[in-house]
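S.K.: Position one of the sequence shown corresponds to residue 1 (the numbering used here), numbered consecutively onward. Don't be surprised by glycine CBs; every beta carbon is placed ideally from N, CA and C. Here you go, one structure.
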Amino acid sequence: MMPASKPSIFATVAVATAVGIISVMAFAGEQLPDTENGHYILSQTRDGLVRLDTRNGQVSNCTHDETGWACRLVPDERAAVDAEIGRLQAENDRLKAQLAARDQAATGKTDDALPKSDSSKKAEPKVAEGERNKIEIPLPSDQDMDRVMSFLERAWRRLIDMANRVQKDASGRI
Numbered sequence: 001m002m003p004a005s006k007p008s009i010f011a012t013v014a015v016a017t018a019v020g021i022i023s024v025m026a027f028a029g030e031q032l033p034d035t036e037n038g039h040y041i042l043s044q045t046r047d048g049l050v051r052l053d054t055r056n057g058q059v060s061n062c063t064h065d066e067t068g069w070a071c072r073l074v075p076d077e078r079a080a081v082d083a084e085i086g087r088l089q090a091e092n093d094r095l096k097a098q099l100a101a102r103d104q105a106a107t108g109k110t111d112d113a114l115p116k117s118d119s120s121k122k123a124e125p126k127v128a129e130g131e132r133n134k135i136e137i138p139l140p141s142d143q144d145m146d147r148v149m150s151f152l153e154r155a156w157r158r159l160i161d162m163a164n165r166v167q168k169d170a171s172g173r174i
């Protein structure tokens with residue numbers, strides 16, 4: 001027999017190998033989240049892993065403790081955003097239907113030709129069937145004449161003022 005005072009190197013390596021195999025088997029028993037077939041994408045964080053489910057877009061925060069791996073869904077605003085998008089699409093469809101109904105109701109009104117007379121003008125005198133060759137032209141009112149005269153008077157004064165300025169500039173340069 002060998003003395004029991006010093007273990008051989010062979011025995012030390014065998015024990016270390018056995019401990020390593022046992023620890024690897026124990027760790028392998030605690031499976032990581034499934035990444036087969038691209039179902040999940042894992043990203044390492046300070047506290048564990050972040051898992052993205054590529055099929056439905058859910059994100060989970062995975063942590064490892066003495067009981068094993070645990071993944072908890074991260075609160076997601078996606079459901080609220082999807083609900084709001086659905087509500088807006090329904091409202092958009094409803095408004096489009098209302099607009100189409102109004103367009104159909106207004107079509108009869110807009111297809112008719114507009115009257116050729118200006119609503120701000122006075123009504124033209126009616127001519128009898130036999131008097132079609134006679135045309136009556138309404139004369140402008142005194143107010144209309146005053147406005148025209150005022151405009152022409154201002155334009156004439158500006159023209160005279162411009163002529164005076166040109167004459168002064170020309171006489172000053174000579």
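Counting pairs of beta carbons, one from the stretch 52 to 72 and one from the stretch 83 to 91, are three or more of them closer than 8 Å?
M.R.: no
S.K.: Any beta carbon of chain B sitting closer than 8 Å to that of D146?
M.R.: As a matter of chain content, chain B is missing from the structure shown, which is built from one protein chain.
S.K.: Mapping DSSP to helix, strand and coil, what is N164?
M.R.: As a working mapping, residue 164 is identified with position 164 in the sequence shown. Correct three-state label for N164: helix.
S.K.: Could you give the residue range of the beta strand (DSSP E) that holds G68?
M.R.: Stepping through the sequence shown from its first residue, residue 68 is reached at position 68. Taken as a continuous stretch (DSSP letters only), the beta strand (DSSP E) holding G68 covers 68 to 73.
S.K.: Under three-state DSSP, which class holds I85?
M.R.: Translated into the one-based positions of the sequence shown, residue 85 becomes position 85. The answer is helix: DSSP assigns I85 an H, G or I state.
S.K.: Have a look at V139 and E153 and give me their C-alpha separation to the nearest angstrom.
M.R.: Within the sequence shown, numbered from 1, the residue matching residue 139 stands at position 139. Within the sequence shown, numbered from 1, the residue matching residue 153 stands at position 153. For clarity, residue 139 is Leu in the given sequence; the question names Val instead. Cα-Cα distance, rounded: 21 Å.
S.K.: Since L49 contacts I41 with CB under 8 Å, what's their CB separation in whole angstroms?
M.R.: If you number the sequence shown from 1, residue 49 lands on position 49. If you number the sequence shown from 1, residue 41 lands on position 41. About 10 Å separates the Cβ atoms of L49 and I41, ruling out a contact at the 8 Å cut-off.
S.K.: With DSSP as the reference, label S171 as helix, strand or coil.
M.R.: Walking along the sequence shown from the start, residue 171 turns up at place 171. Residue state, collapsed to three classes: helix.
S.K.: Determine the direct distance from the alpha carbon of F151 to that of K168, and round the result to whole angstroms.
M.R.: If you number the sequence shown from 1, residue 168 lands on position 168. If you number the sequence shown from 1, residue 151 lands on position 151. Rounded to whole angstroms, K168 to F151 spans 26 Å at the Cα level.
S.K.: Go ahead and pull the three-state DSSP assignment for Q98.
M.R.: As a working mapping, residue 98 is identified with position 98 in the sequence shown. Three-state result, Q98: helix.
S.K.: Along the beta strand (DSSP E) that carries T63, what are the first and last residues, could you check?
M.R.: Numbered from its first residue, the sequence shown carries residue 63 at position 63. It spans 59 to 65 - the beta strand (DSSP E) in which T63 sits, taken as one unbroken run.
S.K.: Helix, strand or coil, according to DSSP, for L152 in the structure here?
M.R.: Walking along the sequence shown from the start, residue 152 turns up at place 152. Three-state result, L152: helix.
S.K.: With DSSP run on the structure shown, which of helix, strand or coil describes D144?
M.R.: Taking the sequence shown and counting its residues from 1, one reaches residue 144 at position 144. Helix at D144.
S.K.: My understanding is that G38 touches T54, with C-beta atoms under 8 Å, so please give their C-beta distance in whole angstroms.
M.R.: Along the sequence shown, one-based indexing puts residue 38 at 38. Along the sequence shown, one-based indexing puts residue 54 at 54. About 6 Å; that satisfies the 8 Å criterion.
S.K.: In its own chain, which residues sit with a C-beta less than 6 Å from the C-beta of S43, not counting the 5 before and 5 after it?
M.R.: In the sequence shown, counting from the first residue as 1, residue 43 sits at position 43. Excluding residues within five positions, the ones whose Cβ falls inside 6 Å are V50.
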